[in-house]
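Trainee: Here this note's numbering runs 3 ahead of the position in the sequence shown, where the first position is 1. Glycine is no exception: its CB is placed at the ideal position from the N, C-alpha and C atoms. Model, not experiment: these values are computed from the prediction.
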Amino acid sequence: MANIVKMPQIGLNETSNVISSWEKKEGEKVQVGDVLFSIETDKSSMDVESEFEGVLLKQLYKEWDACEVL
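Okay, structure coming up:
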């Protein structure tokens, strides 16, 4: 079963974040707690960790793409 990684909200007023770098590639094994990608806003940055174990099937966004916060 596939799981969708949702873009976290960093600030109270943020509606989107930018993926600054991918740490895992498509097809790569992922463990809980592994850093999947890093995100940036105008004021801060953070790493997004996996909540699931499995394989990263698809990167729906590229580096420096803006993604809506869900």
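1) Count the other CB atoms within 10 Å of the CB of ASN16; is the residue buried (16 or more) or exposed (fewer)?
2) What would DSSP say about SER24, mapped onto helix, strand or coil?
3) Under the assumption that GLU29 contacts LYS65 (Cβ atoms under 8 Å), give the Cβ distance between them as a whole number of angstroms.
4) Comparing alpha-carbon positions, which option in VAL8, VAL51, SER19 lies nearest ALA69?
5) Quick one: using the 10 Å Cβ neighbour count with 16 as the cut-off for buried, is SER53 buried or exposed?
Mentor: Taking the definition as stated:
1) Within the sequence shown, numbered from 1, the residue matching residue 16 stands at position 13. By the neighbour-count rule (16 or more Cβ atoms within 10 Å), ASN16 is not buried but exposed.
2) Looking up residue 24 in the sequence shown gives position 21. Of the three classes helix, strand and coil, the one that applies to SER24 here is strand, per DSSP.
3) Reading the sequence shown from its first residue, position 26 is the one you call residue 29. Reading the sequence shown from its first residue, position 62 is the one you call residue 65. About 12 Å separates the two Cβ atoms, so there is no contact after all.
4) Working through the sequence shown from its first residue, we reach residue 69 at position 66. Relative to ALA69, the option among VAL8, VAL51, SER19 whose CA is nearest is SER19.
5) Taking the sequence shown and counting its residues from 1, one reaches residue 53 at position 50. The residue in question, SER53, is buried, as its Cβ has 16 or more Cβ neighbours within 10 Å.
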